[in-house]
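Numbering (my numbering), first residue to last: 145 to 311.
In this text, a Cβ means the ideal position worked out from N, Cα and C, and glycines have one as well.
Below: one structure, written as structure tokens.
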């Protein structure tokens with residue numbers, strides 16, 4: 145009986161509390177791929193969950209995984225593209241509403257020889273190659289930041305520009 149009571153307590157109170165504390169204290173780390181086709185287009189994805197914003201391929205860094213390994217794994221999982229050379233060209237962090245650092249995004253530059261991709265993951269609703277001058281308006285902060293990496297003269301919202309490190 146006490147085992148059942150403990151399990152209920154853990155599942156209903158202790159685990160959600162621990163998850164909330166970790167969410168407040170530990171920043172997330174993720175890696176995004178800035179995949180550029182030889183014709184200068186950027187690969188954007190739209191996830192099947194959330195508000196449907198356009199984003200870069202990528203995801204959370206797993207245990208004992210480097211940002212480069214993460215970006216290779218995520219791009220293969222999401223759009224079926226096996227990457228050759230990848231180059232870290234910047235990182236940015238984002239803040240929660242209360243100003244606490246919430247996460248770090250490592251941005252990689254990848255040149256892809258052709259525009260072929262296959263949606264492999266159920267989490268991706270759509271993907272498309274987009275010219276840099278016709279990026280959809282409904283996109284994530286990572287896309288804004290990456291565009292800033294690609295063109296430092298590009299106007300960038302002040303809330304983003306102070307959190308960017310370009311290598």
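Would you report the Cα separation of residue i and residue j, rounded to the nearest angstrom?
i, j, result
"residue 178", "residue 286", "10 Å"
"residue 191", "residue 268", "4 Å"
"residue 280", "residue 195", "14 Å"
"residue 307", "residue 234", "Because residue 307 sits at a pLDDT of 46, beneath the cut-off of 50, its placement in the model cannot be relied upon, and the following sentence gives the value as read from the coordinates. Whole-angstrom Cα-Cα distance: 11 Å."
"residue 248", "residue 219", "18 Å"
"residue 174", "residue 290", "14 Å"
"residue 180", "residue 258", "9 Å"
"residue 236", "residue 202", "14 Å"
List the DSSP bridge partners of residue i.
i, result
"residue 253", "178 and 231"
"residue 275", "185"
"residue 262", "Residue 262 is not bridged to any residue."
"residue 199", "189"
"residue 270", "190"
With residue i as the anchor, note down where its beta strand (DSSP E) starts and where it stops.
i, result
"residue 203", "202 to 204"
Mind checking residue i: buried by the 16 CB within 10 Å criterion, or exposed?
i, result
"residue 204", "exposed"
"residue 278", "exposed"
"residue 293", "buried"
"residue 210", "exposed"
"residue 252", "buried"
"residue 120", "With the chain covering only 145 through 311, there is no way to say anything about residue 120."
"residue 198", "buried"
Thinking C-beta only, is residue j closer than 9 Å to residue i?
i, j, result
"residue 261", "residue 225", "yes"
"residue 221", "residue 264", "yes"
"residue 284", "residue 200", "yes"
"residue 270", "residue 185", "no"
"residue 187", "residue 230", "no"
"residue 228", "residue 254", "yes"
Could you check if residue i belongs to the surroundings of the ligand COA, using beta carbon to heavy atom distance under 8 Å?
i, result
"residue 258", "Among the components of this structure there are no ligands whatsoever, and the ligand COA is therefore not found."
Tell me which residue opens and which closes the alpha helix (DSSP H) that residue i is part of.
i, result
"residue 214", "211 to 223"
"residue 284", "That residue, residue 284, is in no alpha helix (DSSP H); it is neither H nor E in DSSP."
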